[in-house]
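Asks: In the working numbering, the protein residues as written are 2 to 919.
Glycine included, every Cβ here is placed at the ideal spot set by N, Cα and C.
Please read through the structure below; I'll follow up with questions.
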Amino acid sequence: MPDLLLELRSEEIPARMQRKAAGDLKKLLTDGLVEAGLTYEAAREYWTPRRLTLDIRGLTARSKDISEEIKGPSTKAPEPAVQGFLRKASLASIAEAHVHSDPKKGDFYVAHISRPGRPAEQIIAELVPGIIRNFPWPKSMRWGPASAKPGSLRWVRPLQSILCTFGPETEEPVVVDFEIDGIRSGNITYGHRFHAPGAITVRRFDDYVARLEAAKVVLDADRRKEIILADARNLAFASGLDLVEDEGLLEEVSGLVEWPVVLMGEFEQDFLAIPAEVIRLTIRANQKCFVTTRQISPLEGEMSPKATEGVASRGSAASPVRDRESRQVVPTPSGLPAISPSRGEISQSPLSNRFILTANIEAKDGGKEIAHGNGKVVRARLSDALYFWKTDQGDLPDLDQLQASAQKFGLDLNKPLDQRMARLDHLNVTFHAKLGTQGERVERIARLAEELAPIVARAISPLEGEMAGRPEGVASREAPASSVQNRKPHQDVPTPSVAFGDISPSRGEIIALARRAAVLAKADLTTEVVGEFPELQGAMGRKYALLQGEHPSVAAAIEEHYKPQGPSDRVPTDPVSVAVALADKLDTLVGFWAIDEKPTGSKDPYALRRAALGVVRILVENGIRIRLKTSWRTAWLLFADQRWNRELGEAAIRFADAETFTGLEFDEVRFAAIAASVDSLLRKQIAVWLRTFDAGQNDLLSFFQDRLKVYLRDQGARHDLIDAVLASGGSAPISPLEGEMSAKPTAGGAVPPASHSVAPPSALPGISPSRGEIGQSSNDDLLQIVRRVEALGSFLDTEDGRNLLAGTKRAANIVAAEEKKATAIASSVEPALFREGAEKTLYAAVNQAERQAGEAIQNEDFSAAMLELSVLREPVDSFFEKVLVNDEDQAVRANRLALLARIRAATDRVADFSKIAG
């Protein structure tokens, strides 16, 4: 069968557009061919910087003849209906139609349409020009004299030639002839712009590929990637280096060259003082080059043992590597100023001063001049990066204007990162028009992190909330006392990072660390490096924090609070990082729910689904028990407090100061008594806004449960088990010692200012929930849901589980059916009405199962609860074999239905069995 070859050659197409454009061309053309009545066996697209190519194999040479009948209106129909029929059938007059008769409907018009098949060349010639004119480029342009005319051709870059041949392998292919804006199709293409610019005549795809290869053009993008990667690895290895592979960069570079030639450039060693991430991004973003690392053996190049990851090495105290007065960076052997590389950085090996570039020509001098030119540009870019790096460690020129912000957050303006945080607040940088500034957001996150920190610490740490494995107050064996010396500029203002030094923090200290980390978490947004490379936010904050002597957990949290940023990203495990990450994500979610900016369909501009999934993963994978509604309430009130004070201005009275404001109960009369001077309309608006929280939190809970379903399904859990657990009414109450917040408002109900001493874990701003509120079932404890799903899945894999499922579903179905009929069901089971021994046996088994399963659920041992419920299997089976539920005596029937309802209620405490398949 014939094959079709199509090439659209133009000036250089942006690399980011090539793959999608080739796919679009394939889809548009193949869909058009099929719609025109042609079929094909296979189609594949190709692309280079200067051409889009499509190879279609086994295309039919002619479309099939078509005969069809189009039924029209009655012969007595009005003229407008007849005219509509003629237009639909493409008939010139009604005389061309036939009249058919129907015994019931009478006479009506029918058009007999016969369309003979058309040659494939004719179809292609009509189809391709339309595709070219309407091609879906993200951006396109007009060019040349024709561009002044209306409707002139638009293409991503000037279109230069069109190659289109069609024919079988056994015959000479023909050129499919068509023209678009003066460009006529043919069988001519052109090779490499510099190596082989002459015309090349081709017949079909096989010789097209071979002749392009001879003309220094590699058509297949995947093959170009393989060539670049293999040559880059070999070139680096020959120089004693390792290539730092980058799939995204490889994809981009393969779209920049038609004939890849891999070369090596270099820059001065002094630039290695810049953090590796900055060097890599500078070279990647500006020159599209790969970086390399030095090959260091464990025995020859291993660094001396250091303190915990990211902490200054032993030698840093005796030989400081940074002049605190001048803030000048002095390169160290590690390549990172003042910070010995972390364990992860050592495993990746330090960067070398050589980089890999990909040229598009084979130069006569072997590429020396090309490599030299790229090196000059890289040096200029790295000089800028070094300037940014040094500037970020210096003092800001407007420190006198930052005092108020520094006092607000408890910042030390002797420290560069503290200065940047003060500037972020001082400049009132907007986070969202309806959610306030970044400074206000940091204030909320810091308070919420304080609330979450002790709960997180209890869950993660094996001992009462300390860091991994060290007794409280005991110094780390790896962290010598000297590591906290030589900090003269900061000794007069102790901070958590200095006060704790090398001592593992206690639970109370973790609260202070979490607040400190939250306050500094967004500070690097105003740094020069992050301004140039936004993707380094967090990573640069960590480096700057370590440079100014912050506690390693604080520094780690600044980077890790953004994690996880996707399903494959790792989850933070340090308690401080976890607390700040949760606070950041919960504040974002609650804030956007409060202003009704929720994800809709496929649109999620603020990545709220990713944030919710991040919360799910952090809680589940770290084994953390948190009542989401309690945390949302805290976050919501912090946000509400800021919003009201901003909107009410001088007349504002902090809403949490009202002694009468408890829980979320609120009415206009109560608010009027608190702020009588406030405009009544505004007072009503605030009252309405307050009442939206309860409805909003239920919607947000459903959103979280949907994200949990996605997560558990990805982990292999059955969807029906997840639905069964979420639909159940059971929930284990939380012990007052384990997770309960204070049932009383804090002093005056007010949210403590950021500069106050650390609040205890129980202090919710203004409205801590009572024990009853926490004990209420709301399925907002994600970890408990996961454990229940796991226990249910294990139980249903047993024979007892499967049989109990069948019996319980039967009982539940009977009760549900009778409830729909409004059949009387006793409020409690009366043993005196039992007539059969099976009833008595089941009643005793239900009483025992309820009591013992309840105790297991109280202890959150859901596997044990399922085991206790399994004793119901035989009594349930016996009951249905020997007892007729719908007894003639209404009292007996109501009593038996109440007994079945007890079975449903007992199992519902773990899961709604009616939701389970099978």
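1. When burial is assigned at 16 or more other CB atoms within 10 Å of the CB, is serine 921 buried or exposed?
2. I'd like to know whether the C-beta atoms of leucine 26 and glutamate 46 end up nearer to each other than 8 Å.
3. Going by DSSP, what residue range makes up the beta strand (DSSP E) through histidine 1?
4. Give a yes or no on whether the C-beta atoms belonging to leucine 590 and leucine 701 are separated by under 8 Å.
5. Specify whether the region 5-20 and the region 160-168 touch according to this definition: at least 3 beta carbon pairs, one from each stretch, less than 8 Å apart.
6. If you draw a straight line from the C-alpha of leucine 244 to the C-alpha of glutamate 533, how long is it?
7. What residues in its chain sit with their C-beta under 8 Å from that of valine 886, if we drop five residues either side in the sequence?
8. List the whole-angstrom C-beta distance separating leucine 449 from leucine 587, where the pair is believed to meet the contact cut-off of C-beta under 8 Å.
9. Just tell me which of Arg234, Arg424, Asp721, Arg618 has its CA closest to the CA of phenylalanine 705.
10. Under a three-way DSSP split, which group does valine 798 fall into?
11. Among the residues of its own chain, which have a CB less than 7 Å from the CB of glutamate 666, if the five just before and after it don't count?
12. Taking the CB atoms as reference points, tell me whether lysine 810 and phenylalanine 640 lie closer together than 8 Å.
13. Kindly indicate which residue of Val787, Ile596, Ile357, Phe410 has the alpha-carbon position closest to the one of glutamine 698.
14. With H, G and I counted as helix, E and B as strand and the rest as coil, what does DSSP make of isoleucine 775?
15. With the cut-off set at 8 Å, would you say isoleucine 71 and alanine 90 are in Cβ contact?
16. In terms of residue numbering, what span does the beta strand (DSSP E) encompassing lysine 72 cover?
17. Cα separation between alanine 216 and serine 353?
18. Skipping 5 residues on each side, what residues in its chain have a beta carbon closer than 7 Å to that of serine 102?
19. So is proline 568 buried or exposed if we call it buried at 16+ other beta carbons inside 10 Å?
20. What's the C-alpha gap between alanine 126 and glycine 38?
21. Tell me whether glutamate 536 sits in a helix, a strand or coil according to DSSP, three-state version.
22. Let me know the secondary structure DSSP gives arginine 836 once reduced to three states.
23. Whole angstroms are fine: how far does the CA of glutamate 882 sit from the CA of serine 778?
24. Just to confirm my understanding: we take glutamine 538, look at its own chain, exclude 5 residues before and 5 after, and list those with CB closer than 7 Å. What are they?
25. Which partner residues of methionine 142 appear in the DSSP bridge assignment?
26. Return the CA-CA distance between proline 463 and valine 457, expressed in angstroms with no decimal places.
27. Alpha carbon to alpha carbon, how far is glutamate 441 from aspartate 426?
28. Roughly how many whole angstroms lie between the Cα atoms of histidine 562 and tryptophan 156?
29. So, using beta-carbon positions, are arginine 789 and valine 711 closer together than 8 Å?
30. Looking only at its chain, what residues have a beta carbon closer than 7 Å to the beta carbon of alanine 918, apart from the 5 residues adjacent to it on each side?
31. Taking its Cβ as the centre, do 16 or more other Cβ atoms sit within 10 Å of asparagine 135, making it buried, or is it exposed?
32. In or out: phenylalanine 195 buried (at least 16 other Cβ within 10 Å) or exposed?
33. Along the alpha helix (DSSP H) that carries histidine 373, what are the first and last residues, could you check?
34. Would you call the CB atoms of threonine 842 and serine 879 closer than 8 Å?
35. To the nearest angstrom, how far is the alpha carbon of leucine 727 from that of proline 81?
36. Starting from phenylalanine 356, trace the beta strand (DSSP E) in both directions and tell me its first and last residue.
Replies: According to the data block:
1. In the structure as shown, the chain begins at 2 and stops at 919. Residue 921 is therefore absent and cannot be evaluated.
2. Less than 8 Å separates the beta-carbon of leucine 26 from that of glutamate 46.
3. In the structure displayed, the chain extends from 2 to 919; residue 1 sits before or after that span and is not available.
4. yes
5. yes
6. Going from the Cα of leucine 244 to the Cα of glutamate 533 covers about 25 Å.
7. Ile815, Arg894, Arg897, Leu898, Leu901
8. 6 Å
9. Closest option to phenylalanine 705, Cα to Cα, is Arg618.
10. At residue 798 the sequence reads aspartate, which differs from the valine that was named. Aspartate 798: coil per DSSP, three-state reduction.
11. Caution is warranted here: a pLDDT of 39 is assigned to glutamate 666, below 50, making its placement in the model unreliable, and no coordinate value can be reported.
12. no
13. Ile596
14. Residue placement at isoleucine 775 cannot be trusted, given a pLDDT of 35 that sits under 50; what the coordinates show is reported in the next sentence. Reduced to three states, the DSSP call for isoleucine 775 is helix.
15. yes
16. Counting along the chain, lysine 72 sits inside the beta strand (DSSP E) bounded by residues 67-75.
17. 36 Å
18. Asp108
19. exposed
20. 15 Å
21. helix
22. Coil at arginine 836, not helix or strand.
23. With a pLDDT of 43 at serine 778, under the threshold of 50, the predicted position of this residue should be treated as unreliable, though the coordinate-derived value follows. Spanning the two alpha carbons is a distance of roughly 35 Å.
24. Closer than 7 Å at the Cβ level, and outside the excluded window around glutamine 538, lie Asp525, Leu526, Val531.
25. Trp156
26. Below a pLDDT of 50, predicted positions are generally treated as unreliable, and proline 463, at 49, falls in that range; the measurement from the model is reported next regardless. C-alpha separation (whole angstroms): 11 Å.
27. Between the alpha carbons of glutamate 441 and aspartate 426 lies a gap of roughly 8 Å.
28. 44 Å
29. Between arginine 789 and valine 711, the C-beta spacing is not below 8 Å.
30. Asp721
31. Its Cβ having fewer than 16 others within 10 Å, asparagine 135 is exposed.
32. exposed
33. Going by DSSP, histidine 373 is part of the alpha helix (DSSP H) stretching over 369-393.
34. Going by C-beta atoms, threonine 842 is nearer than 8 Å to serine 879.
35. 59 Å
36. Start and end: 352-360.
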